[in-house]
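Engineer: Heads up: the sequence lines are chains A and B, in that order. What the first sequence shows, in the numbering used here, is residues 140 to 553, in sequence order. What the second sequence shows, in the numbering used here, is residues 6 to 128, in sequence order. Starting off with a structure, shown below.
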Amino acid sequence: MLREADVVVIGSGPAGLTAALHACRNGAPNTLLVEREEELGGILKQCIHNGFGLEQFNRDYTGPEYAERLISDLRKTAVQCFVNTLVTDITSQRIITALSPEHGAVQIKAKSIVLAMGCRERTRGSIGIPGTRPAGIFTAGVAQRLVNIDGYLPGRQVVILGSGDIGLIMARRLTLEGARVAGVYEIMSYPGGLKRNIVQCLNDFDIPLHLSRTVTEIRGRERVEGVVVSRVDDALRPVDGSQEVVQCDTLLLSVGLIPENELSRKAGVELSPDTGGPITTETMETSVPGVFACGNVSTVFDIVDYVAETGVTAGSCAALYAGAGPHRDRRPVDIVAGENVRLVFPQRYASEDDLTLFIRAAEPMERPVIVEVAPPGSKITRPYARPNEMLKVKIPRSKLAGVRKPIKVSIKEK
Amino acid sequence: MPTEKRHFVCVVCPIGCEMDVVHDGVEIISMEGNRCDKSEEFVRQELIEPMRILTTTVRIRGARWPVVPVRTDRSVPRRLFTGIIRQLRGITLQAPVKMLDVVAGDVLATGANVIATRTMPRE
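In C-alpha cells, the structure reads:
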C-alpha cells in the first residue's frame, strides 16, 4: 500500500517531536511521525531527572514532563503518529518502507523527510575491555531504563566507567535506590559530563571521580566480582604497577554515544567522519535533497534545548521544501574545523538563513577564548572552552552575504 | 567572624558558573565568576542548607509499567533525600495517574508535595 505525506519524521524523541510540530506549524499539515517503540517520547521517558527545557521554555522540567508537553502540543495539530512502526528502508527518492503490527508493511512517498533517530551507546565491545564475560555489565542508558521504567535495580555494588552525563546521572540514581557506587573512572584527564552533574550527582553524594583511570580487566565467572582499574599515561596507555582491584557486582559503561545512521546510509546521505552523523547545511538539509536531519542523529549534543533547536529548524525547513521544492542554485560552502576545534556543526552553509554553529573544543582552555569564524571574520569571546560543553555561536546571514570560500572555525587564546 | 574562601559550582542551569566565594559561614562577603543573580541566591542557600529537587519513581499497579516517575514540586533539603525515598517506598499507586497528581503531600514536613511527572493510564 502506498501512502503519501508532505513531511515524514522518523523518531519521536525531542528532535522528532519538535520537528513534527514545526513542520505542521509551517504549512505541512500532512505530516507523519513514525516511532518504533510503543510510546512517543524516545529517551526522554527514562530521563526522570530535571534540567530539561531551561533554555527553550524557561522551565525546569523532568524528561517525561518535557515529552508530555511536546506530545500534548502535537495532539492539538493534524500530525499523524504511527507507533510500533519500524522503518526498514529509505530511498534517495524519499520512499520509506515501514513495518508495524497495525499497518502491516507500508510504503510512504514523502515530499520531504526528517531523520531524528537519535544515537546509541558505545558498549564494552567498542572499547575492548579484557577479562571474563559475566552478567552485570550494562551501558548506563540500559541501567537507566531498567531502574526508571522497568522498576528493577541492576546491582548493589557499582563501578561506573566513563564520566558522560548518563553515567553521572545513574551514579546518583543508583545511590538513591540503595546501591553503593564505589566510584566513577574516567580515562581522560577531564570529566566527560557537564560540571553541574559532577556537583549534583557525585559531590552531593560523596561519590569519588577518578580521572586518568580506566578499567583494564573485568573479573567474575557468573556475575561480575570486581574490576581492575589502572592509571593511564598521557597517551592513554595503562601504567604498569598502577593496577588496583575494586570489588563490585555491576559495571556501568558511560563511554560515549554514536549517532544512529543505518537508515541515513540507505538513503545515500553523506556522513561526517567527525560527528558520525549526516553532513548538513544551516537548514539541516543533508546531501540528499529533501532529506533533513536533527538532534543526536546529526551530532551528539549536551543538552536537550540544542536538540530541540535543530528540530525546529529541520521541521520548518522540511515543510518549506515540501511546499516549494528544492532550491535550484544551491551551492553550499564547507564549514571546517580550525585550531582547537574537534568538530563543528553544521558542516555546510547554503546562504539560506542565519548560521548557528555548535562547536566542540579539542582541548580544554580554562581562560577567556575567542571563537573565530572566518569569513566573515567574526570574533566572539567566551570565558573558557571545554570539550564537555559545546559552544554555540550565531552569525547573522547579512554578515555572510556572497560567501564563496570555506568558513573556518577556530578557538584561540584571547 | 572568621571568613573562609570556598569554590562553588552553580547547578541552577546547564552553564554551571564557577565561583570563588568569600563568606563567614552565614553570609557572602564577596563572590566572583557568576553570570547572573540566580547564582548568588544559590550560594546564599548553599551556605545555610543545600536544597535540591528530588526525582525518583514510585510503584504503581494496573499500568503498563511497574513504576511511575515522580518529583518534589519544589526544592527540599538534600539531607532529607533518604528519608523521603524511604517514605515513598511504602506507597503503591493505582492506575490511572495523571502528570502533576500529588503522590505524597507535604513530605517530611518540608512543605513540598511529591507529584507524578508522567501520565499513566489504566491498562
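All C-beta atoms, glycine included, are put in the ideal place defined by N, C-alpha and C.
Taking a Cβ distance cut-off of 7 Å, strictly less, list which residues of the segment 200-217 of chain A are near chain B, in chain order.
Structural biologist: Those would be T201, P203, E204, E207, in chain order.
Engineer: Locate the beta strand (DSSP E) running through A/L241, then write down its first and last residues.
Structural biologist: Numbered from 1 along the first sequence, position 102 holds the residue referred to as residue 241 of chain A. Residue identity check: residue 241 of chain A is Glu in the sequence provided, not Leu. Where A/E241 is concerned, there is no enclosing beta strand (DSSP E), given that its DSSP letter is neither H nor E.
Engineer: For A/A121, which residues from the same chain have a beta carbon less than 7 Å from its beta carbon, with the 5 sequence-adjacent residues on both sides left out?
Structural biologist: Limits of chain A in this structure are 140 at one end and 553 at the other, which puts residue 121 of chain A out of reach.
Engineer: Anything in chain B within Cβ reach of A/D343, meaning under 8 Å, just list it in chain order.
Structural biologist: Walking along the first sequence from the start, residue 343 of chain A turns up at place 204. P55, R57, R83, listed in chain order.
Engineer: Sort A/G434, A/E409, A/C456, A/L459 by Cα distance to A/A447 and report the nearest one.
Structural biologist: For the purposes of this step, residue 447 of chain A is identified with residue 308 of the first sequence, where counting begins at 1. For the residues A/G434, A/E409, A/C456, A/L459, the minimum Cα distance to A/A447 belongs to A/G434.
Engineer: With a cut-off of 8 Å on the beta carbons, I'd call A/I418 and A/R487 a contact; round off their distance for me.
Structural biologist: As a working mapping, residue 418 of chain A is identified with position 279 in the first sequence. As a working mapping, residue 487 of chain A is identified with position 348 in the first sequence. Their Cβ separation, rounded to whole angstroms, is 6 Å, which keeps A/I418 and A/R487 in contact under 8 Å.
Engineer: Measure the Cβ-Cβ separation of A/L238 and A/L156 and say whether it is below 8 Å.
Structural biologist: On the first sequence, residue 238 of chain A is found 99 positions in, with the first residue counted as 1. On the first sequence, residue 156 of chain A is found 17 positions in, with the first residue counted as 1. Their beta carbons are not under 8 Å apart, which means A/L238 does not touch A/L156 by this criterion.
Engineer: Quick check: what's the CA-CA separation for A/H161 versus A/A453?
Structural biologist: Counting from one through the first sequence, the residue named residue 161 of chain A turns up at place 22. Counting from one through the first sequence, the residue named residue 453 of chain A turns up at place 314. Answer to the nearest angstrom: the Cα atoms are 8 Å apart.
Engineer: For B/T61, which of B/M36, B/I90, B/E54, B/L85 has the nearest alpha-carbon?
Structural biologist: Stepping through the second sequence from its first residue, residue 61 of chain B is reached at position 56. Here the closest residue by C-alpha is B/I90.
Engineer: Which residues does DSSP pair with A/F277 in a beta bridge?
Structural biologist: Within the first sequence, the letter at position 138 stands for residue 277 of chain A. Looking at the DSSP assignment, A/F277 forms a beta bridge with A/L391.
Engineer: Could you round the C-beta distance between A/I149 and A/I252 to whole angstroms and report it? I think they count as a contact, below 8 Å.
Structural biologist: For the purposes of this step, residue 149 of chain A is taken as the residue at position 10 of the first sequence. For the purposes of this step, residue 252 of chain A is taken as the residue at position 113 of the first sequence. Correct: roughly 7 Å between the Cβ atoms.
Engineer: What would DSSP say about A/K215, mapped onto helix, strand or coil?
Structural biologist: Position 76 of the first sequence, counting from 1, holds the residue named residue 215 of chain A. In the structure shown, A/K215 sits in coil (DSSP, three-state: anything other than H, G, I, E or B).
Engineer: Taking C-beta pairs closer than 7 Å, name the residues in chain B that A/I442 reaches, listed in chain order.
Structural biologist: As a working mapping, residue 442 of chain A is identified with position 303 in the first sequence. Simply P19.
Engineer: Could you check how far apart the C-beta atoms of A/G294 and A/T355 are, in whole angstroms? I think they sit under 8 Å.
Structural biologist: As a first step, residue 294 of chain A is located in the first sequence; it is residue number 155 there, counting from the start. As a first step, residue 355 of chain A is located in the first sequence; it is residue number 216 there, counting from the start. Incorrect: roughly 20 Å between the Cβ atoms, too far for contact.
Engineer: Name the one or two DSSP bridge partners that A/T201 has.
Structural biologist: Mapped onto the first sequence, residue 201 of chain A falls at position 62. Paired residue(s): A/N189.
Engineer: B/T115 touches chain A at which residues, Cβ-Cβ below 9 Å?
Structural biologist: Within the second sequence, the letter at position 110 stands for residue 115 of chain B. None at all; the shortest Cβ gap to chain A is about 16 Å.
Engineer: Looking at A/I299: is its Cβ nearer than 8 Å to the Cβ of A/S369?
Structural biologist: As a working mapping, residue 299 of chain A is identified with position 160 in the first sequence. As a working mapping, residue 369 of chain A is identified with position 230 in the first sequence. No. Outside cutoff.
Engineer: Output yes if chain B places a C-beta closer than 8 Å to the C-beta of A/N189; else output no.
Structural biologist: Residue 189 of chain A sits at position 50 when you count from the first residue of the first sequence. Chain B, which has a Cβ nearer than 8 Å to the Cβ of A/N189, makes this yes.
Engineer: Which residue from B/R79, B/Q92, B/V26 puts its Cα closest to that of A/Y200?
Structural biologist: Residue mapping note: residue 200 of chain A aligns to position 61 of the first sequence, counting from 1. That would be B/R79, whose Cα lies nearest to the Cα of A/Y200.
Engineer: Quick check: what's the CA-CA separation for A/F497 versus A/F277?
Structural biologist: Stepping through the first sequence from its first residue, residue 497 of chain A is reached at position 358. Stepping through the first sequence from its first residue, residue 277 of chain A is reached at position 138. Between A/F497 and A/F277, the C-alpha separation is close to 30 Å.
Engineer: Could you check what DSSP says for A/I149 in three-state terms: helix, strand or coil?
Structural biologist: Here the question's residue 149 of chain A lines up with position 10 in the first sequence. DSSP places A/I149 in strand when its eight states are reduced to three.
Engineer: Find the nearest neighbour of A/V548 within the set A/V532, A/G541, A/V323, A/A158, judged by alpha-carbon distance.
Structural biologist: Against the first sequence, residue 548 of chain A aligns to sequence position 409. It is A/V532.
Engineer: Exposed or buried, A/G528, counting other C-beta atoms within 10 Å across all chains shown (16 or more means buried)?
Structural biologist: Position 389 of the first sequence, counting from 1, holds the residue named residue 528 of chain A. Note on identity: in this sequence residue 528 of chain A is Glu, with Gly being the wrong assignment. Per the 10 Å Cβ criterion, buried.
Engineer: Using DSSP bridges, identify the partner residues of A/Y488.
Structural biologist: Within the first sequence, the letter at position 349 stands for residue 488 of chain A. For A/Y488, which the question treats as bridged, DSSP gives the partners A/V472.
Engineer: Which residues in chain A sit within 9 Å of B/M36, going by Cβ to Cβ distance?
Structural biologist: Taking the first residue of the second sequence as 1, we reach residue 36 of chain B at position 31. The contacting residues do not exist; B/M36 stays about 15 Å from chain A at best.
Engineer: Quick check: what's the CA-CA separation for A/G152 versus A/I442?
Structural biologist: Taking the first sequence and counting its residues from 1, the one referred to as residue 152 of chain A is at position 13. Taking the first sequence and counting its residues from 1, the one referred to as residue 442 of chain A is at position 303. One C-alpha to the other measures close to 13 Å.
Engineer: Let me know the beta strand (DSSP E) ranges lying completely inside the segment 14-100 of chain B, each 3 residues or longer, listed in chain order.
Structural biologist: DSSP runs (the beta strand (DSSP E)) wholly in the segment 14-100 of chain B: 23-28, 33-37, 60-66, 72-77, 97-99.
Engineer: Check whether the Cβ of A/R272 lies closer than 8 Å to any Cβ atom in chain B.
Structural biologist: Position 133 of the first sequence, counted from the first residue, corresponds to residue 272 of chain A. False, the Cβ-Cβ gap to chain B never drops below 8 Å.
Engineer: If we call anything under 8 Å between Cβ atoms a contact, is A/N223 one with A/E241?
Structural biologist: For the purposes of this step, residue 223 of chain A is identified with residue 84 of the first sequence, where counting begins at 1. For the purposes of this step, residue 241 of chain A is identified with residue 102 of the first sequence, where counting begins at 1. Yes. Within cutoff.
Engineer: Counting only Cβ pairs nearer than 8 Å, list the residues of chain B close to A/K334.
Structural biologist: Along the first sequence, read from residue 1 onward, the residue named residue 334 of chain A stands at position 195. What A/K334 touches in chain B: V14, G21, E23.
Engineer: Leaving out five residues before and five after B/T122 in sequence, what residues of the same chain have Cβ atoms less than 7 Å from its Cβ?
Structural biologist: Position 117 of the second sequence, counted from the first residue, corresponds to residue 122 of chain B. Result list for B/T122: P74, V75, R76, M104, in chain order.
Engineer: Determine the direct distance from the alpha carbon of A/P398 to that of A/S490, and round the result to whole angstroms.
Structural biologist: Here residue 490 of chain A refers to the residue found at position 351 of the first sequence. Here residue 398 of chain A refers to the residue found at position 259 of the first sequence. Cα-Cα distance, rounded: 26 Å.
Engineer: Less than 8 Å between CB atoms is the rule here; does B/R76 satisfy it with respect to chain A?
Structural biologist: Stepping through the second sequence from its first residue, residue 76 of chain B is reached at position 71. Interface residue, yes.
Engineer: Using the C-alpha atoms, what's the distance from A/F221 back to A/E174?
Structural biologist: Residue numbering aside, residue 174 of chain A sits at position 35 when the first sequence is read from its first letter. Residue numbering aside, residue 221 of chain A sits at position 82 when the first sequence is read from its first letter. Near 6 Å, if we compare the C-alpha coordinates of A/F221 and A/E174.
Engineer: Do A/L494 and A/I534 have their C-beta atoms within less than 8 Å of each other?
Structural biologist: For the purposes of this step, residue 494 of chain A is identified with residue 355 of the first sequence, where counting begins at 1. For the purposes of this step, residue 534 of chain A is identified with residue 395 of the first sequence, where counting begins at 1. The answer is yes: Cβ separation under 8 Å.
Engineer: Just list the residues that DSSP pairs A/G82 with in beta bridges.
Structural biologist: Here chain A comprises residues numbered 140 to 553, so residue 82 of chain A is not present and cannot be evaluated.
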